[in-house]
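Participant: Chains as they are written, first to last, in this note's numbering: chain E, 3 to 223; chain Y, 5 to 282; chain R, 91 to 332; chain G, 91 to 332; chain Z, 190 to 437. Could you have a look at this structure, given as structure tokens, before my questions?
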Amino acid sequence: MDFSNIIPALPSMMEGLWVTVKLTIMAVIGGVAIGTLLALARLSKNSLLANLAGFYVNYFRSIPLLLVITWFYFMVPFIIGWVTGTNRPIGALTSCLIAFMLFEAAYFCEIVRAGIQSIGKGQINAAYALGMNYRQAMQLIILPQAFRKMMPLLLQQSIILFQDTSLVYAVGIMDFLNTARSRGDIIGQPHEFLLFAGLIYFLISFSASTLVTRLNKRLSV
Amino acid sequence: QELSGTLKKIKDSGVIVLGHRDSSIPFSYLANDSKPIGYSADLSSKIVDAIKQELKMPNLTVRYNLVTSQTRIPLVQNGTVDFECGSTTNNLERQKQVAFSLGIFEIGTRLLVRKDSPYKDFADLAGKNVVTTAGTTSERILKKMNDEKKMGMNIISAKDHGESFLMLESGRAVAFMMDDALLAGEMAKAKKPSDWAIVGKSQSNEIYGCMMRKDDPAFKKVVDNALASTFKSGEVNTIYKRWFLSPVPPKGLNLNFPMSDELKQLIANPTDKSAEQM
Amino acid sequence: MISIKNISKWYGDFQVLTDCSADIKKGEVVVVCGPSGSGKSTLIKCVNALEPFQKGEIIFDGTSVGLPDTDLPKLRSKIGMVFQNFELFPHLSIIENLMLAQQRVLNRSSDEARSKGMQLLDRVGLSAQAAKFPGQLSGGQQQRVAIARALAMNPIAMLFDEPTSALDPEMVNEVLDVMTELAREGMTMMCVTHEMGFARRVANRVIFMDGGRIEEDCSKEDFFGTPRGERAQHFLSKILQH
Amino acid sequence: MISIKNISKWYGDFQVLTDCSADIKKGEVVVVCGPSGSGKSTLIKCVNALEPFQKGEIIFDGTSVGLPDTDLPKLRSKIGMVFQNFELFPHLSIIENLMLAQQRVLNRSSDEARSKGMQLLDRVGLSAQAAKFPGQLSGGQQQRVAIARALAMNPIAMLFDEPTSALDPEMVNEVLDVMTELAREGMTMMCVTHEMGFARRVANRVIFMDGGRIEEDCSKEDFFGTPRGERAQHFLSKILQH
Amino acid sequence: MNYHWDWGVFFKPTGIGTEIYLHWFITGLGWTIALALCSWIIALSLGTIIGVARTLPGHFLSRIAAAYVALFRNVPLLVQLFIWYFMVPDYLPENLQTWFKQDLNPATSAFISTIICLGLFTAARVAEQVRTGIQALSKGQTNAALALGLSLPQLYKDVLLPQAFRIIIPPMTSEFLNVFKNSSVASLIGLMELLAQTKQTAEFTANLFEAFTLATLIYFTLNMSLMLLMRWVEKRVQVPGLIALGGK
Ligand SMILES: Nc1ncnc2c1ncn2[C@@H]1O[C@H](COP(=O)(O)OP(=O)(O)OP(=O)(O)O)[C@@H](O)[C@H]1O
Ligand SMILES: Nc1ncnc2c1ncn2[C@@H]1O[C@H](COP(=O)(O)OP(=O)(O)OP(=O)(O)O)[C@@H](O)[C@H]1O
Ligand SMILES: N[C@@H](CCC(=O)O)C(=O)O
Ligand SMILES: [Mg+2]
Ligand SMILES: [Mg+2]
């Protein structure tokens, strides 16, 4: 094996890594935002809303991410075209981003829901008793506490998401893995590039999960 | 006059999205950075220039979107890419879904095998592992042949040409069926190009075209005109020479693939018909 | 000021409150007692609509609590409430606990809320702890903060739900002292508590509940003096043993 | 039969046992007592090598416990042990709890193990519960099953680690009765317990531990009668208060 | 947009032999189930061993197990799949390599690579669950079993694992379902499982909405039925009188 050819390819690999990181961060932000709304819907007294959110979660949790990515890749531009009636260009990355956000939202929803439920009923009663409305009670009292409690789980899920972004390979987005593969292929050293990509993924997610474990220990004392 | 369809979309958004390939050597592929190069890539820049002129937008942003044999048609249809110039065959079935520009190349579908292997034609492949790329015309031809002639081949459908060649090179398949020009491109990339040979009787003659959305005559006209003038001015010969008769990245190997009479014919009398229609 | 009229409430099939009525006038201190599960907490939570009820009516300061168009946040901000488990907001410092609702609900400025907050912390003897977090305080201190937090809203009545029962015995008095003082100053109060000493000292009336019903509602003298219903007697004898 | 010689044991830096020695002869019943954390459980677990020790030697029935080439499963199967929290196997029925080790360790046939098991259940008065699961029995019943389970291995000595301290008071006696009977029949026993009534009734000797040391090791008469070390006195006075 | 809806597309001939498109889906589902079950067998057995190894305190096996878990959990599944499929076979001994690459049907060799990959990948997750389950049991159970003379293997087999597995049925259920979903990565190395068949149908017919809708429905139904199955299993193995085993 000869890893020397990786060095000239590093700049374009960095570009790929940037795509991966961008995708991860935006999907986490979007996923948590949508997931939180879903969690609130699942916990709401309105049973229609709760059931709809429940169905959403069950639905996305029972189909493979790869299928969602592929499907959305073809579907999102169509849908957006139909809905808005215009022909604004929807990049492949945008399609994937939407797929990730909607898919991960189902997983984040369950984490957020557990987080909210772990905050006692007494806290929301106290907030109401002080005259706050539902929105204020959630925003000022329940969610800040819930998010603190579920931080480790959210981060863990984000690390999984980071790894899962490599599935955009299926639709040919030049993320880190796909760049490495394509570079390795054109140079005729696919094995070296593959191992290198694996190593980088490992280093990033291993150090991230080590950090999360530490954070977890710190929070639990 | 009022703009419509793709031209309007490009004008409104200030962006044009080109579909490209990552391992269609030497038509459209990635060598050193994330910008595609190749024969078709050069032709698409001609087209982009023409669009810039047509819309009077010299600073039009060009975005590239990687497509595969399997994804290219839906992506043209759903608007993710505005047009695709790679190694796509114009045929009747595809014409139902997308529109094609004037033909830009002509190929035959053949086999790539190890030079010292006993496999010289399709008939030798009965019971063997044969690779081709998913979503290509070759895949359909091969599957049909296998079924009709009861050849008992194991057909591997790889994701792109690079992967197909990897299958061949690593010994998982004894032959790789694909367009002859693309096979020559894969050879140029191989560790030792002289180990490989393109063999077999061509199973179909196909004309490549650039794909765009159907029912958009204004856009098609700009694309066709751009190609036609490149053909007429003879500039296409320079481009051809650059990619087929000179060393090309990444290895700096020369394909030595002289222009066929059919292609000369096509350039002399440009048409957007498929090979079946001629 | 608080008028509870024939309230009944069910959890599913299970009736928690049956036809409860009581009247609490301005400045009155009413102690509610009764065995565990008798519905005391539920009743008191109905007063500021933390629990909905299915039958009857509660009028607080002229407003009917149960109607759909009642402005609940506004109503609740006029009623202070103190819980068994304090329910301070653990992610906010003590002073922020006192300021939050003042700013968000009463739209007071930050300065105004802070000075009001400090003044009340001073009153419960905790101004030195303003910057700490609830987790760093003892139970008794937390409960005093909770009372101060309720007072910061300038409530016209206070509800207490067993404010001392989660406290270690040595801290009970520091909280009862604050409550006693509050009663002396003329606050209208409804207290669920088993602290009979407190009841004797400051209550005007005692309500005894059992099985979701108000079994006795009489002046403190009557409750501790003359004979009453059998269950109340039994309950009292058990409570006073300690 | 059990001879403990100068045992010392550390958890990391922390010394739990310091130079403990004791001798228990065949048929003797020895009660071990002492304040919480004094090392009683640790000592008794050293006897059947559930805890390793770093210094000293324990000889059980002629075999040295701590040597690396000792066949521990065989040794342990000769020593019955009963735990504070019963530690029945919750996923096995009562009779399966009794049969498991007989079959796996002593290689008894299923029939043999079952009949031995039923006989012992009968003895502790629980044959009617054979098919139930541990979770369906009361604490006292579970502990009697645990004793029966230990006896099923035909042990030549029994170790008890506070067998009654996790039980509700009304169940303590049913377990002590079984233990008393066992002692009467001549079983060699080492019991960690604070049940001084039991000690008085059946013990031959009492060992008092404190801070990881054996502070007293004397006959029951001496322990309860004549004056002893200050700490043992203090401990005894606290225990006997109840 | 020029899109031609046609829900009857699944009953149209594919143009290859006498097949209709629905056949493709059925074949695909067959592959998906076979992949998932085989991978699960590997994952469950290996995962249990590794999980047990992680609970052996201070033992060198425990370190190896921890390293295994860290490695397999921190490299994306797809990278692992490529390594098993494109790379590892090239390092096999000559004759094994020829057998694997040429004599085996390509579908079979892709199948083998995938179940090894997915099995080892899932084993790391199963190991974590098994470890959690064992550690949730009180130390007293171990002591009691040892005191009765059980050996270490007997302790795990007869006492700890039966209890641990009952505790971890819910998280194991979701790992089991994950294997089905994750098996779709096999489509990326050309194995014609459900997702690959869906993509191919979409490409052949140009009716991608219909194709993907059907695939989604199949996955959804599969998932729900497996979930019900696992609920039933959970009930079946429930121990009477033991409500809060997991709560210890
Ligand atoms: N959310 C609920 N769902 C169903 N039943 C409930 C609910 N909350 C309370 N209950 C029941 O309502 C009855 C009254 O409860 P409540 O808390 O008002 O009693 P309490 O008098 O305050 O008792 P304690 O002295 O224990 O606080 C109890 O039997 C309780 O079990
Ligand atoms: N695994 C362990 N690691 C570190 N220290 C331990 C461990 N187990 C016990 N100890 C310490 O060893 C000392 C003796 O414990 P041991 O359980 O033997 O006491 P004990 O006399 O049985 O007390 P109790 O009456 O509470 O059961 C205690 O201080 C305890 O904290
Ligand atoms: N020309 C063939 C194969 C080439 C390709 O897909 O790149 C086709 O269009 O199907
Ligand atoms: Mg209450
Ligand atoms: Mg102990």
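Virtual Cβ for every residue (Gly too), placed ideally from N, Cα, C. In this text, all values refer to a predicted model and were calculated from it rather than measured experimentally.
Between the alpha carbons of E:Y136 and Z:L411, how many angstroms are there, rounded?
Facilitator: Stepping through the first sequence from its first residue, residue 136 of chain E is reached at position 134. Stepping through the fifth sequence from its first residue, residue 411 of chain Z is reached at position 222. Cα-Cα distance, rounded: 39 Å.
Participant: How far does the beta strand (DSSP E) with G:D109 in it reach, from first residue to last?
Facilitator: Taking the first residue of the fourth sequence as 1, we reach residue 109 of chain G at position 19. That run of the beta strand (DSSP E) goes F104 to I114.
Participant: Where do the ends of the beta strand (DSSP E) carrying Y:L70 lie?
Facilitator: Taking the second sequence and counting its residues from 1, the one referred to as residue 70 of chain Y is at position 66. First-last of the beta strand (DSSP E) with Y:L70: T65 to L70.
Participant: Tell me where the beta strand (DSSP E) around Y:N133 begins and ends.
Facilitator: Here the question's residue 133 of chain Y lines up with position 129 in the second sequence. Counting along the chain, the beta strand (DSSP E) containing Y:N133 begins and ends at N133 to T137.
Participant: Exposed or buried, G:G287, counting other C-beta atoms within 10 Å across all chains shown (16 or more means buried)?
Facilitator: Counting from 1 along the fourth sequence, the entry for residue 287 of chain G is found at position 197. It counts as exposed.
Participant: So that I know if they touch, is there some Cβ in chain Z lying closer than 8 Å to that of G:R198?
Facilitator: Numbered from its first residue, the fourth sequence carries residue 198 of chain G at position 108. Closer than 8 Å: no.
Participant: According to DSSP, simplified to helix, strand and coil, what is E:T72?
Facilitator: Position 70 of the first sequence, counted from the first residue, corresponds to residue 72 of chain E. The answer is helix: DSSP assigns E:T72 an H, G or I state.
Participant: For Z:T297 and Z:L384, I'd like the C-alpha separation in whole angstroms.
Facilitator: Taking the fifth sequence and counting its residues from 1, one reaches residue 297 of chain Z at position 108. Taking the fifth sequence and counting its residues from 1, one reaches residue 384 of chain Z at position 195. Those two C-alpha atoms are separated by around 17 Å.
Participant: In angstroms, rounded to a whole number, what distance separates the CA positions of G:A112 and E:P154?
Facilitator: For this step, residue 112 of chain G is matched to residue 22 along the fourth sequence. For this step, residue 154 of chain E is matched to residue 152 along the first sequence. C-alpha separation (whole angstroms): 51 Å.
Participant: Which residues share a DSSP beta bridge with Y:R114?
Facilitator: For this step, residue 114 of chain Y is matched to residue 110 along the second sequence. In the DSSP output, where bridge partners are listed per residue, Y:R114 has Y:M182.
Participant: With a threshold of 7 Å on Cβ separation, who are the neighbours of G:E186 within its own chain once the five nearest residues in sequence on each side are excluded?
Facilitator: Locating residue 186 of chain G in the fourth sequence gives position 96, where the first residue counts as 1. Hits under 7 Å: none found.
Participant: Please name the residue, chosen from E:L145, E:L95 and E:L104, that lies closest to E:A116 on a Cα-to-Cα basis.
Facilitator: In the first sequence, counting from the first residue as 1, residue 116 of chain E sits at position 114. Selected option, being the one with the closest Cα: E:L145.
Participant: Does any residue of chain Z bring its CB to less than 8 Å from the CB of G:F104?
Facilitator: By one-based count along the fourth sequence, residue 104 of chain G stands at place 14. Judged by the 8 Å Cβ criterion, G:F104 is not in contact with chain Z.
Participant: So with CB distances below 7 Å, who are the chain E contacts of Y:V71?
Facilitator: In the second sequence, the residue the question calls residue 71 of chain Y occupies position 67. By Cβ distance, chain E contributes G174.
Participant: Provide the residue span of the beta strand (DSSP E) that contains G:R295, from first to last.
Facilitator: Within the fourth sequence, residue 295 of chain G is the residue found at index 205, counting from 1. Unbroken beta strand (DSSP E) run through G:R295: R295 to D300.
Participant: Examine ligand 2 and report whether any of its heavy atoms sits within less than 7 Å of the Cβ of G:S131.
Facilitator: Position 41 of the fourth sequence, counted from the start, is the residue given in the question as residue 131 of chain G. For ligand 2, at least one heavy atom lies less than 7 Å from the Cβ of G:S131.
Participant: Is any heavy atom of ligand 4 found at a distance shorter than 7 Å from the C-beta of R:D161?
Facilitator: The residue given as residue 161 of chain R occupies position 71 in the third sequence. Outside the cutoff, so no.
Participant: Closer than 8 Å, CB to CB, is Z:R355 near chain G or not?
Facilitator: In the fifth sequence, the residue the question calls residue 355 of chain Z occupies position 166. Yes, Z:R355 counts as interfacial toward chain G.
Participant: Please classify Y:N158 as buried or exposed, where buried requires at least 16 other C-beta atoms within 10 Å of its C-beta.
Facilitator: In the second sequence, residue 158 of chain Y corresponds to position 154, counting from 1. Its Cβ being crowded by 16 or more others within 10 Å, Y:N158 is buried.
Participant: Cβ of G:A240 within 8 Å of Cβ of G:G170?
Facilitator: As a position in the fourth sequence, residue 240 of chain G is number 150, starting the count at 1. As a position in the fourth sequence, residue 170 of chain G is number 80, starting the count at 1. Yes, the Cβ-Cβ distance between G:A240 and G:G170 is below 8 Å.
Participant: Along the chain, where does the alpha helix (DSSP H) containing Z:R314 start, and where does it finish?
Facilitator: Here residue 314 of chain Z refers to the residue found at position 125 when the fifth sequence is read from its first residue. Residues P295 to A325.
Participant: Exposed or buried, Y:D265, counting other C-beta atoms within 10 Å across all chains shown (16 or more means buried)?
Facilitator: Your numbering for residue 265 of chain Y matches position 261 in the second sequence. Its Cβ having fewer than 16 others within 10 Å, Y:D265 is exposed.
Participant: Helix, strand or coil: which one does DSSP assign to Z:H212?
Facilitator: For this step, residue 212 of chain Z is matched to residue 23 along the fifth sequence. Of the three classes helix, strand and coil, the one that applies to Z:H212 here is helix, per DSSP.
Participant: Using a Cβ-based criterion (distance less than 7 Å to any ligand heavy atom), does Y:T141 qualify as near ligand 3?
Facilitator: Indexing the second sequence from 1 puts residue 141 of chain Y at position 137. Correct: Y:T141 has its Cβ closer than 7 Å to ligand 3.
Participant: Residues in the same chain with beta-carbon distance under 8 Å from E:A148, minus the five sequence neighbours each way, listed in chain order, please.
Facilitator: Taking the first residue of the first sequence as 1, we reach residue 148 of chain E at position 146. Taken in chain order, the residues that qualify are V114, G117, I118, S120 and I121.
Participant: With a threshold of 7 Å, establish whether the CB of Y:E210 neighbours any heavy atom of ligand 3.
Facilitator: Translated into the one-based positions of the second sequence, residue 210 of chain Y becomes position 206. Yes, the beta carbon of Y:E210 sits closer than 7 Å to at least one heavy atom of ligand 3.
Participant: Are the C-beta atoms of Z:A333 and some chain A residue less than 8 Å apart?
Facilitator: In the structure shown, chain A does not exist; the protein chains are E, Y, R, G and Z.
Participant: Determine the chain G residues that contact Z:G329 at a beta-carbon separation under 9 Å, and present them in chain order.
Facilitator: For the purposes of this step, residue 329 of chain Z is taken as residue 140 along the fifth sequence, with counting starting at 1. Correct list: F173, Q174, N175, F176 and E177.
Participant: Taking 8 Å as the CB-CB limit, is Z:A385 close to chain E?
Facilitator: For the purposes of this step, residue 385 of chain Z is taken as the residue at position 196 of the fifth sequence. For Z:A385, the answer is no, since every Cβ of chain E falls outside 8 Å of its Cβ.
Participant: Alpha carbon to alpha carbon, how far is Z:G329 from Z:G435? Give it in angstroms, no decimals.
Facilitator: Position 246 of the fifth sequence, counting from 1, holds the residue named residue 435 of chain Z. Position 140 of the fifth sequence, counting from 1, holds the residue named residue 329 of chain Z. Only weak support exists for where Z:G435 lies, its pLDDT of 37 falling under 50; the coordinates are left without a value.
Participant: Check whether chain R comes within 8 Å of E:G56, counting only Cβ atoms and requiring the distance to be less than that.
Facilitator: The residue labelled residue 56 of chain E in the question sits at position 54 within the first sequence. Output row for E:G56: interface = no.
Participant: Once you ignore the five residues that flank Z:A225 on each side, which residues in its own chain have a CB closer than 7 Å to its CB?
Facilitator: Locating residue 225 of chain Z in the fifth sequence gives position 36, where the first residue counts as 1. So the qualifying residues of the chain are V368, F369 and S372.
Participant: From the DSSP output, in three-state form, read off Y:K255 for me.
Facilitator: Residue mapping note: residue 255 of chain Y aligns to position 251 of the second sequence, counting from 1. Coil.
Participant: Let me know if Z:L380 comes out buried or exposed under the rule of 16 or more other beta-carbons within 10 Å of its beta-carbon.
Facilitator: Mapped onto the fifth sequence, residue 380 of chain Z falls at position 191. Z:L380 comes out buried.
Participant: Does any residue of chain E have a CB that is nearer than 8 Å to the CB of Z:L377?
Facilitator: The residue you call residue 377 of chain Z lines up with position 188 of the fifth sequence. Yes, because at least one Cβ of chain E sits closer than 8 Å to the Cβ of Z:L377.
Participant: Could you check whether the Cβ of R:K164 sits closer than 8 Å to any Cβ belonging to chain E?
Facilitator: As a position in the third sequence, residue 164 of chain R is number 74, starting the count at 1. So, interface residue.
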